[in-house]
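Student: This is the structure, below, for whatever I ask next.
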Amino acid sequence: DVVARVTAQAEARGVPPDLAETLWRRLIEWTVDYEEERLG
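Below, the structure is given as structure tokens:
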């Protein structure tokens with residue numbers, strides 16, 4: 167799962183994993199919404 171990899175990489179680099187997860191989940195949500203709006 168993408169979010170699990172992102173949070174693991176964030177933690178390894180000293181970034182709070184919960185911050186990385188929140189940002190990535192929002193990015194994924196935005197991308198899906200955008201594609202649904204544009205592509206139907």
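Per our numbering, the very first residue in the sequence shown carries number 167; after that it's consecutive.
Note that CB positions come from ideal geometry on N, CA and C, so glycine has one too.
Bear in mind that the values here come from a model prediction, so they are computed numbers and not experimental data.
Along the alpha helix (DSSP H) that carries ASP167, what are the first and last residues, could you check?
Tutor: For this step, residue 167 is matched to residue 1 along the sequence shown. No alpha helix (DSSP H) contains ASP167, which DSSP labels as neither H nor E.
Student: Got a sec? Which residues, its chain only, sit under 8 Å from PRO183 by beta carbon, not counting five neighbours each side?
Tutor: Numbered from 1 along the sequence shown, position 17 holds the residue referred to as residue 183. Beyond the five residues adjoining it in sequence on each side, PRO183 comes within less than 8 Å, by CB distance, of THR173, ALA174, ALA176 and GLU177 in the same chain, given in chain order.
Student: Find the nearest neighbour of VAL168 within the set GLY180, LEU193, ARG179 and VAL181, judged by alpha-carbon distance.
Tutor: The residue you call residue 168 lines up with position 2 of the sequence shown. Among GLY180, LEU193, ARG179 and VAL181, the Cα nearest to that of VAL168 is on LEU193.
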